[in-house]
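Respectively, the protein sequence lines represent chains A and B.
If you're matching positions, the first sequence starts at 1 in the numbering used here and goes up one per residue.
If you're matching positions, the second sequence starts at 424 in the numbering used here and goes up one per residue.
2 protein chains.
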Amino acid sequence: MDIDHLMTGLGQRARVASRAMARAPTAAKNCALEWIADALERESEALRSANAHDCARAREVGLSPALIDRLMLTEHTIAKMVAGVRQIAALPDPVGAISHLNIRPSGIQVGQMRVPIGVIGMIYEARPGVTIDASALCLKAGNAAILRGSGQALESNRALARLVSAGLAAAGLPADAIQLVATPERAAVEKLAMMTQYVDVIVPRGGRGLVEALIACARVPMIKHLDGICHVYIDDAADLEKARAICDNAKTQRFGVCNAMETLLVARGIAAAALPLVCRTWRDKKVELRVCPESEAILARAGIGPRTRAVEADWRTEYLAPIVSIRVVDGLDAAMAHIHTYGSAHTDAIITEQHAHAMRFLREVDSASVMVNASPRFAGGFEYGLGAEIGISNDKLHARGPVGLEGLTSLKYVVLGHGEVRQ
Amino acid sequence: MDIDHLMTGLGQRARVASRAMARAPTAAKNCALEWIADALERESEALRSANAHDCARAREVGLSPALIDRLMLTEHTIAKMVAGVRQIAALPDPVGAISHLNIRPSGIQVGQMRVPIGVIGMIYEARPGVTIDASALCLKAGNAAILRGSGQALESNRALARLVSAGLAAAGLPADAIQLVATPERAAVEKLAMMTQYVDVIVPRGGRGLVEALIACARVPMIKHLDGICHVYIDDAADLEKARAICDNAKTQRFGVCNAMETLLVARGIAAAALPLVCRTWRDKKVELRVCPESEAILARAGIGPRTRAVEADWRTEYLAPIVSIRVVDGLDAAMAHIHTYGSAHTDAIITEQHAHAMRFLREVDSASVMVNASPRFAGGFEYGLGAEIGISNDKLHARGPVGLEGLTSLKYVVLGHGEVRQ
Numbered sequence: 001m002d003i004d005h006l007m008t009g010l011g012q013r014a015r016v017a018s019r020a021m022a023r024a025p026t027a028a029k030n031c032a033l034e035w036i037a038d039a040l041e042r043e044s045e046a047l048r049s050a051n052a053h054d055c056a057r058a059r060e061v062g063l064s065p066a067l068i069d070r071l072m073l074t075e076h077t078i079a080k081m082v083a084g085v086r087q088i089a090a091l092p093d094p095v096g097a098i099s100h101l102n103i104r105p106s107g108i109q110v111g112q113m114r115v116p117i118g119v120i121g122m123i124y125e126a127r128p129g130v131t132i133d134a135s136a137l138c139l140k141a142g143n144a145a146i147l148r149g150s151g152q153a154l155e156s157n158r159a160l161a162r163l164v165s166a167g168l169a170a171a172g173l174p175a176d177a178i179q180l181v182a183t184p185e186r187a188a189v190e191k192l193a194m195m196t197q198y199v200d201v202i203v204p205r206g207g208r209g210l211v212e213a214l215i216a217c218a219r220v221p222m223i224k225h226l227d228g229i230c231h232v233y234i235d236d237a238a239d240l241e242k243a244r245a246i247c248d249n250a251k252t253q254r255f256g257v258c259n260a261m262e263t264l265l266v267a268r269g270i271a272a273a274a275l276p277l278v279c280r281t282w283r284d285k286k287v288e289l290r291v292c293p294e295s296e297a298i299l300a301r302a303g304i305g306p307r308t309r310a311v312e313a314d315w316r317t318e319y320l321a322p323i324v325s326i327r328v329v330d331g332l333d334a335a336m337a338h339i340h341t342y343g344s345a346h347t348d349a350i351i352t353e354q355h356a357h358a359m360r361f362l363r364e365v366d367s368a369s370v371m372v373n374a375s376p377r378f379a380g381g382f383e384y385g386l387g388a389e390i391g392i393s394n395d396k397l398h399a400r401g402p403v404g405l406e407g408l409t410s411l412k413y414v415v416l417g418h419g420e421v422r423q
Numbered sequence: 424m425d426i427d428h429l430m431t432g433l434g435q436r437a438r439v440a441s442r443a444m445a446r447a448p449t450a451a452k453n454c455a456l457e458w459i460a461d462a463l464e465r466e467s468e469a470l471r472s473a474n475a476h477d478c479a480r481a482r483e484v485g486l487s488p489a490l491i492d493r494l495m496l497t498e499h500t501i502a503k504m505v506a507g508v509r510q511i512a513a514l515p516d517p518v519g520a521i522s523h524l525n526i527r528p529s530g531i532q533v534g535q536m537r538v539p540i541g542v543i544g545m546i547y548e549a550r551p552g553v554t555i556d557a558s559a560l561c562l563k564a565g566n567a568a569i570l571r572g573s574g575q576a577l578e579s580n581r582a583l584a585r586l587v588s589a590g591l592a593a594a595g596l597p598a599d600a601i602q603l604v605a606t607p608e609r610a611a612v613e614k615l616a617m618m619t620q621y622v623d624v625i626v627p628r629g630g631r632g633l634v635e636a637l638i639a640c641a642r643v644p645m646i647k648h649l650d651g652i653c654h655v656y657i658d659d660a661a662d663l664e665k666a667r668a669i670c671d672n673a674k675t676q677r678f679g680v681c682n683a684m685e686t687l688l689v690a691r692g693i694a695a696a697a698l699p700l701v702c703r704t705w706r707d708k709k710v711e712l713r714v715c716p717e718s719e720a721i722l723a724r725a726g727i728g729p730r731t732r733a734v735e736a737d738w739r740t741e742y743l744a745p746i747v748s749i750r751v752v753d754g755l756d757a758a759m760a761h762i763h764t765y766g767s768a769h770t771d772a773i774i775t776e777q778h779a780h781a782m783r784f785l786r787e788v789d790s791a792s793v794m795v796n797a798s799p800r801f802a803g804g805f806e807y808g809l810g811a812e813i814g815i816s817n818d819k820l821h822a823r824g825p826v827g828l829e830g831l832t833s834l835k836y837v838v839l840g841h842g843e844v845r846q
C-alpha cells in the first residue's frame, strides 16, 4: 500500500475517533487507562519477547549499546510504564472545565471551556516507553493520536499499541483513537507532518536531527524544542554555598538531559571567590572545564585544572556530557545579554540574595523556565506538579516549558444566552 | 536597498526593541498610548492630507468605491482610533502577572508569569485604522511590532507610524518598537513571514487570498482565520421567537462580517413551524434563500419565495452578503455532523430550550466560539469583554477566537528557590 494512502486512512480514522474521544466521559477514559496498566503487567512476557526481536535486529545492524539500552524493555521499564499510566489515570480530567464565566452588559454569559486539541501526531525515536506515555496522555486529554516510533522498535510498538487499542475498546472508546504507523518508511513521517486536515499538532521527541528535519517540512504546527543550552548565572550578591550546590547539581546530577547546565556565567565581583569553589567540585567529578581568559587566570591562581580555553562555538553547544563552559561577565545585564545571544530559551537560573536582581532576571530572561536559587534540573512536568509530560516547548505560542495534559488541550469560548441579539 | 537587507534590518531592530518593551513599566506604556491619542487629535488635519494622497492615487487606478471608503480617514474614523487607543491604555497591563505560584514537595515555588510574545508581524490590507489598533495592542502587551499595510495606504500609514514612534520616544521607550515596512513590494511580506529568528508570530488581517498566500509561504507561526462559515441550528426544542430574532440578527445585522450566519440548520421536527417564521423576516429584508429540497417543500407550502436550490458548494461558502443557505437535518447529531463537515470552526450557535441538547452542543462542537440561544454576531473582543482585538483565530493552538491583549502574551514558568537541588 502506498504511504499517501496509508497515512490518509490513518488520518481520517483519527479525525473520526477524535470526535468520540472529545465527548468521552472521564470514567471511560480512566477505565481504558486502568485496563492498559493491568494488561501491561499481565502481558509483560509477551511484550518482552516482541521487544527481544527488535533488540536482536538492532544488535545485528550494530546499534550502539547505549541505543540498545534505550530500546530494551525490562521488568523495570515495564513497571515504570505501568506506574506512569496509573498516575495519569489519577490526574484530574482537564476536559470540559469552564472558566471565567462572566455576564456581559448585553446579557450573555461568556466563558472559556477547556477542550481536547483533536489529533496529535507523535514522532519519536527508539524508546518504546514513549508509545505508552504518549498514548496515556493523549487519551486522558480526550485526543486521538497517531504514533510514529522508530522502525527499530516496530515489533515492540506494535505489541504495545495493540494493548492500547484493546484497552480503548474495553472501555467502549474507539480503538482507532490511538493508531501506530506500522511502517518503517521515512516518507510516513513527512506525510504525517503535512496532513493539516487530519492532524492538529505534531509533537516530536528526539534529537536535534529529527526536530530540524521536521521544521524543514512540517505544515502542521509543532510543540517542540531543539536544544537545552541552560545557564546558571552566579550574581555578585550570590550565596557561595548555594552557588556551589546548585552548580554541582545542575551539571553533574545527570549529563544527557536537556535541563542540565551547559554554561556557567559568573559576575566579575564574585568570580575569584566563586569559581575555585564551584570548579573544585566539578574537577573532582571529572567535568571538563572550558573557560574564558578571565576564568582561566582565576583557576590558574587557585591551581584548579585541567582547563581548556573556550571558543565561540562553546557558548552555543549543548554538550549533554561532563563538559561545562565558563565565562566571567560584568554583571546582571551582561549575563542576560549572553543568555539571549547564545541560549536556547529552555531553562536559566540566577543565584543571588539580591531581591531586585532576582526580580529583574525573572522578568527579563525570555526562557521557558526562569529560576532563582534553584537547580535548572527541576525543569520538568513531575517537579512542577503537572504530572507526566509529553514533551517540552521552547516556543512562545501555546504551551511553553514542560507540556502535560493541559498543553494537549485548547480553550474555546462558550456563550450562554437567553435569546440575546447584537444591537 | 534590497528587500532582504531592508527586512533583516527591521527584524534586528525589532528584536532589540522587544527586550526593552518587555521590561517597560506600565506607566511608560500608558504614557506612550495617551501621547499617541492626543497626537492623533492634534495632527488630524495632517493625517487627512496624507490620506488624501492615497485616496487620490486609489481613484486614479480605479479602486472600487467600497475599497476607497475603507481607505479613507475621516474625522469620524480618527475619533474612533483615538477612542480605541484610550480604551487600550485603560485596560489592565497583562504583563508580569504571576499565577498558580505553588510550593512543591522539593521546596521550590513554581508559578507562571505572563510575558510578551516578543515581535509581532502584522500584515493587513488598506485600512489605515489597523496601523493604530495594532500598534496600541502590541505596545500595551509589551511587544515590538513590524507593520505591513497595503501599498495603497502607504502615505497614511507612514504618517500614522511616525506618530506612534514619536509617542514611544516621548515615553522613553524605543521608537523602533513599532516599525512600518515602508515599501509596497510584495516580496517584503514573504520575507517577513519567513524571518523566524526575528519574528515570533504573524497576524494577517485581510481576505482569504491574503491568508492563503501566507499559509503557503510562512515559516513563522500565525494567528489567523480563513473563513467564518457560521451556523445557527434550530433544535427540535427551540423557542420559536428566539429562533426568529437570533436568525434575523445573525444574518441581517451586518452582512460583510466573519461572524454573520451563512447557513441555517433546522431540526426536521420543528422545520415546518420555524422555517416560514424565520424566512418571512429574511424575505422582507431581501435575503436570498438557497434551500435544500425539504426546506423548499415547506417554504413552497407557506408561499415564501423567491428561493433557489442549494448545491453542495453552498454549504462551504462564506457569502458575506444577503444570502443564506438552509438545510433540514434529522436533529442534533446531524446538525453537529454538518457543522464539522462544512464549517470553519469560527462560531456556531444552537437555539434550544433543552438543557441536555445545549450542553452536548457546547461540549461537542469544535469551534472557536460555541453559543446557546445567542446571536453569533456577539463573537468578538468587545462583546466578550476582552477589549480591542488584533484578530481572530480559528486554530486550536495558542489563542482561539477573538485575540486581544492576552493572546499577544505567553506564559513562562518561574521557579523561586532557596538553594534547592534535585535529588
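Glycine included, C-beta positions come from ideal geometry on N, C-alpha and C.
Computed from a predicted model, the values in this text were never measured in an experiment.
Quiz item: Apart from the five residues on each side of it in sequence, which residues of its chain come closer than 6 angstroms, Cβ to Cβ, to residue 815 of chain B?
Solution: 648 and 825
Exercise. Say whether chain A places a C-beta atom closer than 8 angstroms to the C-beta of residue 540 of chain B.
Key: yes
Quiz item: Is the segment 622 to 632 of chain B close to the segment 532 to 545 of chain B, with three or more CB pairs under 8 angstroms?
Solution: yes
Self-check item: residue 438 of chain B versus residue 605 of chain B: straight-line alpha-carbon distance, rounded
Solution: 18 angstroms
Quiz item: Do you know whose CA, among A/97, A/271 and A/171, lies nearest residue 299 of chain A's CA?
Solution: A/271
Quiz item: At a CB-CB cut-off below 8 angstroms, which residues of chain A make contact with residue 787 of chain B?
Solution: 19, 22 and 23
Self-check item: Straight-line Cα distance separating residue 342 of chain A from residue 239 of chain A
Solution: 26 angstroms
Quiz item: Using DSSP with H/G/I as helix, E/B as strand and the rest coil, what is residue 290 of chain A?
Solution: strand
Exercise. At 8 angstroms on the CB atoms, spell out the chain B contacts of residue 255 of chain A, in chain order.
Key: Chain B residues near residue 255 of chain A: none, gap ~13 angstroms exceeds 8 angstroms.
Quiz prompt | Selection from A/71, A/80 and A/59 that minimises the alpha carbon distance to residue 38 of chain A | solution = A/80
Quiz item: Between residue 834 of chain B and residue 564 of chain B, which are expected to be in contact by the criterion C-beta below 8 angstroms, what is the C-beta distance as a whole number of angstroms?
Solution: Between residue 564 of chain B and residue 834 of chain B the Cβ distance is about 13 angstroms, and since that is not below 8 angstroms, they are no contact.
Quiz item: Would a check of beta-carbon distances place residue 348 of chain A closer than 8 angstroms to chain B?
Solution: no
Practice problem: Return the first residue and the last residue of the alpha helix (DSSP H) that residue 765 of chain B is part of. | Solution: 755 to 765
Quiz item: Given that residue 836 of chain B touches chain A, what residues does it touch there, using C-beta distances under 8 angstroms?
Solution: 368, 369, 370, 379, 384, 400, 401 and 402
Quiz item: Taking the runs of the beta strand (DSSP E) that are 3 residues or longer, which of them lie wholly in the segment 457 to 536 of chain B?
Solution: 521 to 526
Quiz item: Helix, strand or coil: which one does DSSP assign to residue 11 of chain A?
Solution: helix
Practice problem: Decide if residue 554 of chain B is buried, meaning its Cβ has at least 16 other Cβ atoms within 10 Å, or exposed. | Solution: buried
Quiz item: Expressed to the nearest angstrom, what Euclidean distance is found between the alpha-carbon atoms of residue 817 of chain B and residue 256 of chain A?
Solution: 39 angstroms
Quiz item: With 16 other CB atoms within 10 Å as the buried threshold, where does residue 251 of chain A fall?
Solution: buried
Quiz item: Closest to residue 382 of chain B by CA distance: which of B/747, B/618, B/771 and B/483 is it?
Solution: The structure shown has nothing for residue 382 of chain B, since chain B only spans 424 to 846.
Quiz item: Skipping 5 residues on each side, what residues in its chain have a beta carbon closer than 8 angstroms to that of residue 845 of chain B?
Solution: 529
Quiz prompt | Short-range partners of chain A found in the segment 611 to 628 of chain B, where Cβ spacing is below 7 angstroms | solution = 623 and 624
Self-check item: Among B/734, B/451, B/467 and B/609, the one whose alpha carbon lies nearest that of residue 595 of chain B
Solution: B/451
Quiz item: Hey, which unbroken runs of the beta strand (DSSP E) at 3 residues or more fall wholly within the segment 571 to 635 of chain B?
Solution: 601 to 603 and 624 to 628
Quiz item: Among A/309, A/389 and A/362, which residue has its Cα nearest to the Cα of residue 135 of chain A?
Solution: A/389
Quiz item: So, residue 47 of chain A versus residue 73 of chain A, is the Cβ gap smaller than 8 angstroms?
Solution: yes
Quiz item: Using Cβ-Cβ distances below 8 angstroms, what residues of the segment 103 to 129 of chain A are close to chain B?
Solution: 104, 106, 108, 110, 113, 115, 117 and 118
Practice problem: Please classify residue 239 of chain A: does DSSP put it in a helix, a strand, or coil? | Solution: coil
Quiz item: Applying the criterion that 16 or more other CB atoms from any shown protein chain within 10 Å of the CB defines a buried residue, is residue 522 of chain B buried or exposed?
Solution: exposed
Practice problem: Measure the C-alpha to C-alpha separation of residue 537 of chain B and residue 763 of chain B and round it to an integer number of angstroms. | Solution: 33 angstroms
Quiz item: Which residue from B/822, B/699, B/548 and B/657 puts its Cα closest to that of residue 631 of chain B?
Solution: B/548
Quiz item: Per DSSP, what kind of secondary structure is residue 416 of chain A in: helix, strand or coil?
Solution: strand
Practice problem: Just confirm the distance between the C-beta atoms of residue 309 of chain A and residue 288 of chain A, as a whole number of angstroms; I'd bet it's less than 8 angstroms. | Solution: Not confirmed; about 12 angstroms, so no contact.
Quiz prompt | Host beta strand (DSSP E) of residue 262 of chain A (start-end) | solution = 261 to 267
Self-check item: Sub-8 angstroms separation of residue 280 of chain A and residue 246 of chain A beta-carbons
Solution: no
Quiz item: Does the beta-carbon of residue 64 of chain A have 16 or more other beta-carbons within 10 angstroms, so that it is buried, or is it exposed?
Solution: exposed
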